[in-house]
Amino acid sequence: MSEHKIICAGFGGQGVMSMGRLVAYTGMLNGREVSWLPSYGPEMRGGTANCHVIVSDHPVGSPIIHRDATAVIAMNLPSMRKFEAELVPGGLLVINRSLIDATPDRDDVTVVPVRANEIATEVGNARAANMVMLGAYLGITRLFPLSAVGEALGKVFGPKKAQFLPVNEEALARGAALAGQPVG
Amino acid sequence: MTSGGRIAILCGHYGTGKSECSIALARTLPAPVTLIDLDVVNPYFRSREARAVLEADGIAVIGNSLGIDTGVDLPAIPGSIVPALRDQQRRVVIDLGGDPVGARAIRQFRPRIPTEDTDLLYVVNAFRQGNRDSDTTVASIREIEQSVGLKCTGLINNSHLLGETTVDHVMSGDRLCREVFDATGLPVVWVAARPPVLDACRDAALQPAGMPLPVTGVLRQDWMDSRR
Amino acid sequence: MPMVFEKTRGLTDRETHYCPGCTHGIIHRLVAEVLEEMELLDATIGVAPVGCSVLAYDYFNCDMHEAAHGRAPAVATGIKRVHPDLTVFAYQGDGDLASIGTAEIVHAAHRGEKITVIFVNNAIYGMTGGQMAPTTLIGQKTTTSPYGREQSHAGNPIRISEMLATIDGATFIERTSVHNPQSVRKTKAAIREAFTVQQKGLGFSMVEVLSTCPTNWGMPPVEALEWLEANMIPYYPLGRFRSPGVDRTSAAEV
Amino acid sequence: MEKVLMKGNEAVGAAAIRGGCRYFFGYPITPQNELPEYMSRELPKVGGVFLQAESEIAAINMVYGAAGSGARVMTSSSSPGIALKQEGISYIAGAELPCVIVNMMRGGPGLGGIQPGQSDYFQATRGGGNGDYRHIVYAPASVQETVDIMTEAFDVADQYRIPVLVLGDGMIGQMMEPVEFRDPPTRELPEKDWITDGTAGRRAPNIINSLYLAPQDLEDHNRRLDAKHRLITERETRWESFRCDDAEIVFVSYGTASRIVRNAVEMLREQGVRAGLIRPITLWPWPQAAFDALGPSVRALMAVEMSMGQMIDDVKISAAGRWPVGFYGRSGGMVPDQHAIAEAAVAMLETATQEVR
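Residue numbers (my numbering), protein chains in the order written: chain S, 10 to 193; chain V, 1394 to 1621; chain W, 94 to 347; chain X, 5 to 361.
Listed below in structure tokens is the structure:
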């Protein structure tokens, strides 16, 4: 049974919610069962945000991820500290090296550091760091082909933001390309 | 004479037993009799609830203008009160709401009430807080007199503890009523109690002041008398 | 010979339950007559309150809703939004409108809800047995102000028309009385004006009618009318507070 | 129809409009704000009316007025707001008006918190309003099920002239899942000849009312309502039994909690413990039949709720002493964990075994 349980976390404004929605949307468009559950309330308003995304071959049971995340995508340090404990042994911890200097406490998971902010700036949109992170995650897990994500991107962002599509697609690709590189 | 007025208005604190006394009095007086329930304060234990029993005895009952005796807390005082007050052949018993403010409902009919032919009877229950001694009872009488706009003409000793009432309770009330008489000159016109208690008074050769008024307890007796 | 009195089609044949001398009957008739004369009766929905006029739904000869205590303006809002082309009125007493339902009346006015409210102010709770109302006068004795209303304890009586007149959405606000034939005629004119404002879609309209309660005031009907004139009118001045194009916050004689 | 990914609260709005809802009266409260926001945006497009009331009390009374006037109307709120609506709900039930009410539950009592909860079970099924009334309570467990129920809810309300409560929680309201909008089964709906829409001089006035002056009339009215409630129980009770056939322990859980329990069932099955789940979809009417259908393999029941234990009362009534009834619950916005649920179940089975020995 293939089930991906992903926690996306970071500051408000880093695009963690839309990153999660993009994964869920892509999953749905590709015939998978999905759920997307945001944090809401003061936590969200106070600056940090996270969402739980499940992509499965079977109907999703609980939409909540509790100590069984297959991946955590952490955009900042508080997010890594808070959510690394949710990973299963052997899980994937994608961290934004641009903002996270520290090393994780977990030594039983695969850590993928990504200089997401720098790469995003290089592709021409500093706000695309989330897409770089997602690209890295997809490059490793091969959950979906990048083309499928690109298709979903159009739907999530809508025609109004069509001009950002190429930048986002490039950010995704740059992130995915990192997957072939050595970890550390 | 205090018992001779064509119109008898019963007043007093709520819970003293005005409604039961009004019903008992309506059944004691010579026909034709109309019982007017002017209690706009208490939603339960209104004399109008005894309509069926009273009408079977040939007593006319005026409750509210809706013709419904329970389930309504509207004052809904009917205009038919006026002709009843005017009918010279008819005895009228008026059951007033408790306390001075409740008694106020009759004020609107004050011009229709002939003072010389009307008794305002104050019901005393020595076991209610408002009648705990002579001073409070007299004060309560004065308040109600002011509210109704009539002078009190007599007392009804209705001292009781529902089903637990004994001759001792009646006699406690009698002592209180005599003190009130000393203070005000108001005579005890009726002594009201359930027939067995009145009989026990007679058998013990006790003579509480007032004419005996047998109260049978017709209001919601199903559950009121469960302990008897 | 001209007909001097004819029963209006605006009322049903049901005999009202009101006490002798109660002015609810007069006010019912005025509302009904206006609706009939304006040919609105068949396209009107009324809302009855909780209070002595709780049974108003049996007396008005049009579609009616019974509302919870104080909620008539909200219920009327729901109705009016569904039937914007029909005439919707609420009939409320002082406990209902000026106490428990202040939020509902203020916001119906504030939204400029196109409804007409007939507000009957008799300075006492009639239904529940003569308790103090927010409009009970200073010194007035009720079952819950047995020593007379005291300002330091219960505040001053609330003047609803003056308060609502400060709200922009309240297009028409007038206070009238029914203590003599002349004031009854003025009340009818005000009710007609209020319904006209609604007909024209100009906004919220309310007529506050000073009224008597012989039973709970404890006085004969004629004396009650005199009491109203002598005690209520000085505190609750009659007049028009707002009308289309005019906004004032003090009474003006009409 | 194509699947779309929707947040629960928005999906409720979309389904309501699809179900014929044209009037919405509400007041903001977290975690259901996306619903009124959606309605304020979408209702005007279909000729409907969204109105933000001054309070929850006013909102439910606007619903009362609109429902009596023949509209398909709804309101929504979250726990403390629903508490305020109870007065109006009682009046609506008393006057037999159709409407739909959504409660996206949060933690309580009092102001509580904004995280998901299921502690309004008593409020929903017993009613905080006065009187002998009932209303239908649906407790969907997914966004798709919420959508299906919402689309049908207005028909159900019209069919029986009764308020319908859709009981979700913050989780259902906030989560996104793929949904498909489908037409509900066709129901035969009675003509609305009782509404107030002006007599037009053609009929006697209609009166919307819940006041009965004579006690006998009120008792008769209550007997009629009771007969209607029995009919609804007979026809509209819904539940799901999951892997109950050979189960030794059967969980009872609804809404969000039931999804976690379903995971626990799978987990226990992998460990060789035969677990099952009864998931009431209607909390009122309550699925007594689901319990009566349990086989001899069952040794214990366990209620799992996001509360300190409310639904468990109904589980015990349904068990009627046939099985011991255990409980696992989290409260205050804490969400149960499938591992802890499974552990509690194993512990309970051990106790039950010892008692048998």
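Every residue, glycine too, gets a C-beta built ideally from N, C-alpha and C.
Residue span of the alpha helix (DSSP H) that contains residue 90 (chain X), given as start and end: Per DSSP, residue 90 (chain X) belongs to the alpha helix (DSSP H) from 83-98.
Among W:272, W:263, W:312, W:306, which has the Cα closest to the Cα of residue 209 (chain W)? W:263
Which bits of chain W does residue 95 (chain X) rub up against, with CB to CB less than 7 Å? 161
Determine the extent of the beta strand (DSSP E) in which residue 289 (chain W) is found, giving its start and end residues. Per DSSP, residue 289 (chain W) belongs to no beta strand (DSSP E); it is in the alpha helix (DSSP H), 274-292.
Would a check of beta-carbon distances place residue 70 (chain W) closer than 7 Å to chain V? Only positions 94 to 347 of chain W appear in the structure, and residue 70 (chain W) is not among them; the question remains open.
Just the C-alpha distance for residue 68 (chain S) and residue 345 (chain X), rounded to the nearest angstrom, thanks. 20 Å
What separation, rounded to the nearest whole angstrom, lies between the Cα atoms of residue 144 (chain X) and residue 77 (chain S)? 25 Å
Residues of the region 170-188 of chain X whose Cβ lies closer than 8 Å to any Cβ of chain S, in chain order: 174, 175, 178, 179, 180, 181, 182
For residue 49 (chain X), does the three-state DSSP call read helix, strand or coil? helix
Can you list, in chain order, the residues of the region 178-197 of chain W whose Cβ is nearer than 7 Å to any Cβ on chain X? Within the region 178-197 of chain W, the residues whose Cβ lies closer than 7 Å to some Cβ of chain X are 179, 196, 197, listed in chain order.
Proximal chain X residues relative to residue 27 (chain S), where beta-carbon distance stays under 7 Å: Near residue 27 (chain S) there are no residues of chain X at all, since even the closest Cβ is about 12 Å away, more than 7 Å.
Alpha-carbon to alpha-carbon, residue 299 (chain W) and residue 181 (chain W): A straight line joining the alpha-carbon of residue 181 (chain W) with that of residue 299 (chain W) spans about 12 Å.
Residue 313 (chain X) vs residue 295 (chain X) beta-carbon contact at 7 Å: For the 7 Å CB-CB criterion, residue 313 (chain X) and residue 295 (chain X) do not form a contact.
Got a sec: does the ligand COA put a non-hydrogen atom nearer than 6 Å to the Cβ of residue 79 (chain X)? Ligands displayed in this structure: none; no statement on the ligand COA is therefore possible.
Examine the Cβ distances between the region 274-293 of chain W and the region 1474-1484 of chain V and report whether three or more of them are shorter than 8 Å. no
Nearest to residue 124 (chain X) by CA position, among X:323, X:310, X:338, X:352, is which residue? X:310
Measuring alpha carbon to alpha carbon, tell me which of W:114, W:158, W:143, W:147 ends up nearest residue 199 (chain X). W:158
Grab me the residues of residue 105 (chain W)'s own chain with a C-beta within less than 8 Å of its C-beta, minus the 5 sequence neighbours each way, in chain order. 151, 152, 153, 154.
Whole-angstrom distance between residue 212 (chain W) and residue 259 (chain W), CA atom to CA atom: 17 Å
Consider the Cβ of residue 75 (chain S): report whether some Cβ of chain X lies at a distance smaller than 7 Å. yes
Distance, residue 1495 (chain V) Cα to residue 309 (chain W) Cα: Spanning the two alpha carbons is a distance of roughly 8 Å.
For the region 1536-1597 of chain V, list the beta strand (DSSP E) runs that are entirely contained and at least 3 residues long, ordered along the chain. 1547-1550, 1581-1586
How would you list, in chain order, the residues of chain X whose beta-carbon sits under 7 Å from the beta-carbon of residue 37 (chain S)? 7, 9, 182
Cβ neighbours of residue 286 (chain X) in the same chain (closer than 8 Å, five flanking residues each side left out): Exclusion of the five residues before and after residue 286 (chain X) leaves 140, 141, 142, 143, 240, 241, 242, 243 as the residues of its chain whose Cβ lies within less than 8 Å of its Cβ.
At a CB distance below 7 Å, what residues from the region 135-154 of chain W approach chain X? Give them in sequence order. Interface annotation for the region 135-154 of chain W against chain X: 135, 136, 137, 138, 147, 150, 154, criterion Cβ-Cβ distance under 7 Å.
Inside the region 191-259 of chain X only - alpha helix (DSSP H) runs reaching at least 4 residues: The region 191-259 of chain X contains these whole alpha helix (DSSP H) runs: 219-240.
Give the straight-line distance between the Cα atoms of residue 211 (chain X) and residue 166 (chain X), rounded to the nearest whole angstrom. Whole-angstrom Cα-Cα distance: 17 Å.
Against residue 1472 (chain V), what residues of chain W qualify as contacts under a CB-to-CB distance less than 7 Å, listed in chain order? 113
So, does the region 66-80 of chain X touch the region 165-172 of chain W, judging by three or more C-beta pairs under 8 Å? Contact between the region 66-80 of chain X and the region 165-172 of chain W is present: three or more C-beta pairs spanning the two stretches fall below 8 Å.
Beta-carbon gap between residue 136 (chain W) and residue 72 (chain X) smaller than 7 Å: no
Grouping DSSP H, G and I as helix and E and B as strand, with all else coil, what is residue 290 (chain X)? coil
Would you mind stating whether residue 1514 (chain V) and residue 1401 (chain V) have Cβ atoms separated by less than 7 Å? Contact: yes.
Secondary structure at residue 312 (chain W), three-state DSSP: helix, strand or coil? coil
I'd like the list of long-range same chain contacts for residue 1521 (chain V), defined as Cβ closer than 8 Å, with 5 residues on each side in sequence excluded. 1406, 1408, 1409
Pull up the distance between the alpha-carbon of residue 1532 (chain V) and that of residue 1542 (chain V), whole angstroms please. 15 Å
Would you call the CB atoms of residue 225 (chain W) and residue 238 (chain W) closer than 7 Å? yes
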